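If you read the sequences in order, they're chains X and Y.
First residue of the first sequence? That's 676 in our numbering, and the numbers climb one at a time after it.
First residue of the second sequence? That's 268 in our numbering, and the numbers climb one at a time after it.
From the three backbone atoms N, C-alpha and C, an ideal C-beta is built for every residue, glycine too.
Predicted model only: the values in this text are computed from it and were never measured.
Report on one structure; see the data block that follows.
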Amino acid sequence: MNARPGKFTLGYMILALFFLAVIPLHAQVAQGTLSGKVTGPSGVVPYASVTVKNLTSGQSKTTQADKTGRYSVSKLAPGEYEVSVKAIGFAAQSGKVTLAPGAKQTLDLKLTPELSLESLGFSVAQTKGSAHEQALLNKRSHMLQVHQKLGLITFFPLVGTLVAATQTGGRRHPSSTGRNIHMALGSATAGLYFATAYYAIFAPKVPGVEAKGPIRFHKAMAWIHGPGMILTPILGAMADAQANKGERLHGIARYHAQVAVVTAIAYGLALLSETKPNWIPGLEHHAVAMLSFHHHHATLSAAKHPAAPAGGPAMALAGQAN
Amino acid sequence: MKRVNTVSASLKFLAVFLLLAMPTLARADSGWALKQSTLTYHVTHPLHEVAGASHAARGKGVCQAGECNFLIAVPVKSFGSGDTNRDLHMLQIVRGAQFPMVIVRAQMPESELKSSTIHANFDIQFAGQTAQFKQILFHLTDHGDQVELKGTIPATLTDFKITPPELLFVPIKNQIPVTVDMTWQEQK
């Protein structure tokens with residue numbers, strides 16, 4: 676019965692001796708302290724999280740800086756440490772420091788603001804998207820795409836009307852069939868044209884945008900072909916009425932062909948200004964010359980055929996626009 | 268005399284120790300600021316070659332422990348091709364009102380900024396999408412405390428899920444390379 680407690684006592688003594696031998700050895704390694712201040716570009720950064728990781732053992736200690744930005748991590752064994760700092764609004768940073776035995780090392784940490792759009796000087800208004808503005812742009816683009824497609828389609832009956840006109844215009848007694856075809860194509864052209872114009876005129880405008888580039892020429896041409904497209908059918912109807920009565924064309928009805936041609940040229944140029952390939956240079960600069968050529972040609976025609984004098988209201992408009 | 272030698276040796280030891288123990292964090296701070304830039308996108312259509320340029324980019328770089336992080340941002344609407352109508356259409360196609368900024372984030376070793384070429388990895392946030400570009404070659408020219416960087420980013424419309432716009436029923440090409448010419452100023 677007594678032998679068992681004796682064995683236990685001996686065991687405890689050996690264990691105690693072992694600990695007594697080890698503890699002083701451990702205590703001989705002096706521990707260090709790392710402390711400092713966390714600052715940013717505008718001064719102290721309070722409550723930053725500072726983590727010190729021993730690169731040999733992998734053990735880490737985390738502390739929080741106080742409201743004055745000061746931090747301290749004690750009981751650190753000598754060796755190499757990785758120090759990392761995190762604070763709201765600042766980029767996380769890390770670096771290395773070597774701690775000597777028993778050293779009380781000071782390490783001031785300087786944080787830089789996290790890279791952000793605000794730090795680049797962009798305002799919130801500049802960087803914030805607007806679904807409303809996007810919807811406006813979507814509607815505008817949709818309407819202008821319809822405008823573009825209708826505009827292209829319109830071009831074909833327009834050319835057809837002009838070709839049909841060559842079968843009727845200038846003749847003293849044009850056939851009623853030829854005139855009917857010309858009128859039908861002209862009506863189709865006018866209908867398509869006004870539908871095309873609707874999608875351009877009522878497309879939402881983007882405020883604060885100043886028109887630049889070929890679009891200015893495209894819009895300028897509308898001041899010619901727009902009134903021309905209104906005037907041409909009116910003059911055509913008057914000319915048709917006079918022809919039906921067997922009368923020679925007289926009054927403003929005589930200008931029907933000239934107005935139609937100028938309108939068609941302005942329309943073609945407007946179309947080309949937005950679609951022309953790169954290899955056609957400076958269309959807008961050639962436009963004046965082309966219209967001048969037509970004016971010159973029409974003047975020569977008028978000299979030969981006094982019944983169809985050159986110029987007219989549309990030509991006057993062409994002159995104003997350029 | 269012996270005492271003087273002992274003090275001198277101690278001072279030398281202290282100096283060496285301080286040099287070794289000097290925290291690297293304290294000397295790692297440096298930065299870069301974008302001084303001027305020209306970013307140009309190129310669009311190709313069978314009938315047209317269009318280029319739209321912006322000089323409105325702003326950027327910063329922060330270098331820590333040998334690693335640099337860069338942030339560059341440019342408003343989408345600042346790109347101009349010389350035709351208002353086309354620019355507004357571009358703005359609509361790329362959802363520029365909803366996502367008004369092109370944001371580029373790059374990371375690279377600080378040492379690369381002193382070489383004549385770099386192969387940069389970066390993310391571009393544009394049109395509500397983020398695309399990654401890896402190992403894009405840029406040429407650097409050192410002008411003292413300024414560095415000029417030139418290169419081309421091989422961007423495509425599909426990178427950002429953008430539907431190619433059409434002209435005369437023909438869509439533009441998927442490739443929209445962006446040429447970059449930037450001058451960065453070192454901030455010490």
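Check	Outcome
Three-state class that DSSP yields for H822/X in the structure shown	helix
Residues of its chain near V317/Y, where Cβ-Cβ distance is below 6 Å and the 5 sequence neighbours each way are ignored	V310 and S348
Limits of the unbroken beta strand (DSSP E) element including E793/X	Note, E793/X: premise wrong, no beta strand (DSSP E); not H, not E.
Chain X residues whose Cβ lies nearer than 9 Å to that of H322/Y	None at all; the shortest Cβ gap to chain X is about 15 Å.
Those residues which DSSP pairs with I339/Y across a bridge	G326/Y and V371/Y
Reduced DSSP secondary structure (H/G/I, E/B, other) of A398/Y	strand
At least three beta-carbon pairs within less than 8 Å, the segment 809-824 of chain X to the segment 872-882 of chain X	yes
For F968/X, three-class secondary structure by DSSP	Confidence in F968/X is poor, its pLDDT being 45 and thus under 50, which makes the residue's placement too unreliable to answer from.
Reference P753/X, options S769/X, A916/X and V727/X, closest by Cα	V727/X
N-terminal and C-terminal residue of the beta strand (DSSP E) that H309/Y is part of	S297 to H312
Neighbouring residues, chain X, relative to N336/Y (Cβ below 9 Å)	A766 and L790
Closest Cα partner of S297/Y within the set S378/Y, F427/Y, H386/Y and K417/Y	S378/Y
Segment contact flag, the segment 417-432 of chain Y with the segment 397-406 of chain Y, C-beta cutoff 8 Å, min 3 pairs	yes
Length of the line joining the Cα atoms of Q801/X and P342/Y	8 Å
Given A932/X as reference, the closest of A895/X, G921/X, V838/X and L751/X once Cα atoms are compared	V838/X
Opposing strand residues paired with V447/Y [DSSP bridges]	L306/Y and G418/Y
Assigned exposure category for V923/X - 16 Cβ within 10 Å defines buried	The question names Val, but residue 923/X in the sequence shown is Arg. Burial call: exposed.
Contacts that R745/X makes with chain Y (C-beta to C-beta distance below 7 Å)	Ordered by position in chain Y, no residue passes the 7 Å Cβ test against R745/X, which lies about 16 Å from the chain.
Distance CB(K761/X)-CB(V748/X) smaller than 7 Å	no
Burial state of N855/X (16 or more Cβ within 10 Å)	exposed
Neighbour flag for L424/Y against chain X, beta carbons, 7 Å	no
9 Å Cβ cut-off: residues of chain Y touching G796/X	R325
Which of helix, strand or coil DSSP assigns to S724/X	strand
Cβ pair count under 8 Å reaching 3, the segment 352-365 of chain Y against the segment 806-821 of chain X	yes
Helix, strand or coil at P716/X [DSSP, three-state]	coil
Collapsed DSSP secondary structure at E885/X in the structure displayed	coil
T743/X, DSSP secondary structure in three states	coil
Minimum C-alpha distance to F393/Y - residue among D448/Y, L301/Y and K344/Y	K344/Y
Extent of the continuous alpha helix (DSSP H) to which T864/X belongs	S851 to I876
For D253/Y, the three-state DSSP class (helix, strand or coil)	Residue 253/Y lies beyond the stretch modelled for chain Y, which goes from 268 to 455, so this question has no answer here.
Proximal residues, the segment 387-412 of chain Y versus chain X, C-beta separation under 9 Å	G395
Under 7 Å by beta carbon: chain X residues contacting M375/Y	Near M375/Y there are no residues of chain X at all, since even the closest Cβ is about 14 Å away, more than 7 Å.
Close Cβ partners of Q374/Y (< 8 Å) along its chain, the five nearest in sequence each way excluded	E334, C335, N336, F337, N388 and F389
Any C-beta of chain Y under 7 Å from that of A962/X	Because A962/X sits at a pLDDT of 48, beneath the cut-off of 50, its placement in the model cannot be relied upon, and the following sentence gives the value as read from the coordinates. So, not an interface residue.
Residues that T871/X contacts on chain Y, provided the C-beta gap is smaller than 9 Å	Result: empty, since nearest Cβ-Cβ is about 15 Å, beyond 9 Å.
Residue interval of the alpha helix (DSSP H) (run including N352/Y)	T351 to I360
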